[in-house]
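Take the sequence shown: its letters are residues 38 to 230, numbered as in this note's numbering. Even glycine gets a Cβ: it sits at the ideal position worked out from N, Cα and C. Each remark here refers to the structure printed beneath this line.
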Amino acid sequence: MSTSEKILHQLQRMRWGFPFSIRQFHEMSTATSAHKTLSRLMQKGIIVRVAKGICVRPKAFASMLSIEITASAEQIAKKWAQQNGYILLRQGIESAYRLGLQTQAPVRTVFWSNGASSTFSVGNDIVEVRHVAESKLRWKSRPEGELLRSFTVTPANCVKLSELKKALTRLKLSEAQSRVAIKKLKAAPLPGG
């Protein structure tokens, strides 16, 4: 089976409209051969490059075949972080809003990362990735991490007890888990906003 056939066979098994890394095709042949094959497929419109090293199989919109659906900017940002081994977490304002510590929803989607700052866009859908200090990414997507990121934009001393209880409820923590999370937050210095 040729490199082109192997890559086409692999592509046919992939979901429409979801981003994939071109690195996964390097094991099928040499990187150069895989890139040439993928380049030819891009020229034919079988795949679309949506970011450096990331492509997608476009899917035709059911009612208007001339319009193709590709991945969202958020899906592309997540694939970018995954392929480069970066941490990608929602920004502090988003965390505070989801936990009820802020009343205003963020206008644009922003992620914090230990990777380089970058912007991903698909049409009007824009996602910004900002490089931040490791201290803001502590505990990653664990409940205490969500609280930590919330407190970078809403200082803990400005949060009422009722708001904190509501936030802990939204995190679906038991009473014991809530105590552990609060104890961890008290022991760790909060990063600057």
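- For Trp117, the enclosing alpha helix (DSSP H) starts and ends at Ala110 to Asn121.
- The beta carbon of Ala218 sits closer than 6 Å to those of Pro180 and Glu181, all from its chain and outside the five residues before and after it, given in chain order.
- With respect to Val169, Ser155 sits apart: the two C-beta atoms are not nearer than 8 Å.
- Judged by DSSP in its simplified three-state form, Val217 adopts helix.
- No Cβ-Cβ contact shorter than 8 Å links Phe62 with Leu78.
- In the three-state reduction of the DSSP assignment, Phe55 falls in the coil class.
- Counting along the chain, Glu165 sits inside the beta strand (DSSP E) bounded by residues Asp162 to His168.
- Per DSSP, the continuous alpha helix (DSSP H) segment holding Ser76 begins and ends at Ala68 to Lys81.
- Just so you know, the alpha carbons of Leu136 and Arg186 end up roughly 11 Å apart.
- Counting C-beta pairs closer than 8 Å gives fewer than three between the segment 192-209 and the segment 141-160, which falls short of the contact rule.
- Gln112 is classed as buried because its beta carbon has at least 16 other beta carbons within 10 Å across all chains shown.
- Sequence-distant Cβ neighbours of Asn151 in its own chain, meaning closer than 8 Å and more than five residues away, are Tyr123, Ile124, His168, Val169, Glu171 and Leu174.
- In this structure, DSSP gives Ser172 a helical state, which the three-state scheme calls helix.
- Per DSSP, Thr40 is one residue of the alpha helix (DSSP H) stretching across Thr40 to Gln49.
- Here Arg127 is bridged, per DSSP, to Phe148.
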